[in-house]
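Q: Take a look at this one; I'll ask things after.
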Amino acid sequence: MKAEMKRPFEVDSSEYPFEDHWLPYRDGYVHYIDEGQGPTVLLLHGNPTWSYLYRNVIKELRGDCRLIALDYPGFGMSKAPSRFGFTPQEQSDAVVNLIRYLDLKNFVLVVQDWGGPIGLNYAVRYRENLRGIVVMNTWAWPATLLPMKIFSLAMGGWPLGYWLQTQRNFFAKVIIPNGIYHSEKVTDSLRKAYTAPFPTPESRKPTWIFPGQIRKARTWLAEIESKLPVLSDLPAQILWGTKDSAGFPLEEMAKWQSYLQMNVTEPLSDASHYVQEDRPDRVAAAIRRVLERTSKK
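Structure follows, in structure tokens:
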């Protein structure tokens, strides 16, 4: 898309010093960043984050890799097309569209939160395009643990969840800061970067739809899980923030270990849900490790 596209909000250029790219998507567009050269790494965010989440990982690795991070339609700087439902299935379609547009091959997939199901929906269908995977505090199966079911009902329900998200921007204002273990990293600049994409009640609806989909997308999630065995030989690094109270206990980490049998796992005792904020150095190291494990001798 033309270079004169303007950012819909400002973000600190010292934190996010990247060139913007804009891909038309129906009558909307997807914003993404594409930094560095070398082996390709695709970075997928969750709710209610955007490519900003990976800024420190990208800055550390862009001298060695090509790093691509998009904002899903309705998140970050992307504009959703009309009649877009913001379901994970639709978001996964937008990711597939970008992968095809950029003709990505033999890449490392990095996922966290909703990035897990969104990315794994692609991975189980196009295993041959993947070089490896990095997994952080996510899932790709129907929710079975009570805390996640309660979270889905409370945050994605009606009327309380709807009110919290659309009227109070609760996910961006409260859940993100509380999901970062290192509280000193929760600066005014960080808070602004995560609340700015959602200035109006209407713009905040995607952050309400995602938690409801934990329950409503059960069939889709079950279909992904049924195909996870095709990834049993995929080189994997599992990073797990053990201070995460949002329904991602060690049992979920163990489930990933059973599916991704070629895993190297690193529990992080000083990280919560947003591992990329707490320990971007370990995320970068995990990506490097996958690349080392898969380099041709």
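Position 189, counted from 1, in the sequence shown is what numbering that gives the first Met the number 0 calls 188; the numbers after and before it change by one each time, with no gaps.
Where a beta carbon is used, it is the ideal one built from N, C-alpha and C, also for glycine.
This structure is a prediction, so every number in the text was calculated from the model and none was measured.
1. What first and last residue would you give for the beta strand (DSSP E) that runs through residue 32?
2. Can you grab the Cα-Cα spacing for the pair residue 76 / residue 295, in whole Å?
3. Flag this pair as yes or no: are the beta carbons of residue 149 and residue 121 separated by less than 8 Å?
4. Which same chain residues, not among the five before or five after residue 13, have their C-beta less than 7 Å away from its C-beta?
5. According to DSSP, is residue 179 helix, strand or coil?
6. Using CA atoms only, rank isn't needed, just tell me which of 47, 154, 40 is closest to residue 108.
7. Is residue 54 helix, strand or coil when you go by DSSP?
8. Could you compute how far the alpha carbon of residue 136 sits from the alpha carbon of residue 96?
9. Using alpha carbons as the reference points, say which of 249, 207, 85 lies closest to residue 268.
10. Around the C-beta of residue 50, are 16 or more other C-beta atoms found within 10 angstroms, so that it is buried, or is it exposed?
11. Which parts of the segment 91-143 are runs of the alpha helix (DSSP H), unbroken and 4 residues or longer, counting only runs that do not cross its ends?
12. Does the distance from the CB of residue 123 to the CB of residue 220 come in under 8 Å?
13. Keeping to the same chain, check which residues put their C-beta closer than 6 Å to that of residue 241; ignore five residues upstream and five downstream.
14. Residues in its own chain within less than 6 Å of residue 323 by CB, not counting five upstream and five downstream?
15. How many Å lie between residue 356 and residue 253 at the Cα?
A: Walking through what the data contain:
1. 27-34
2. 37 Å
3. no
4. none
5. coil
6. 40
7. helix
8. 25 Å
9. 249
10. buried
11. 114-122
12. 8 Å or more divides the Cβ of residue 123 from the Cβ of residue 220.
13. 266, 268
14. Since the first residue of the chain shown is 0 and the last is 296, residue 323 is not available in this structure.
15. A question about residue 356 goes unanswered here, because the residues of the chain that appear run from 0 up to 296.
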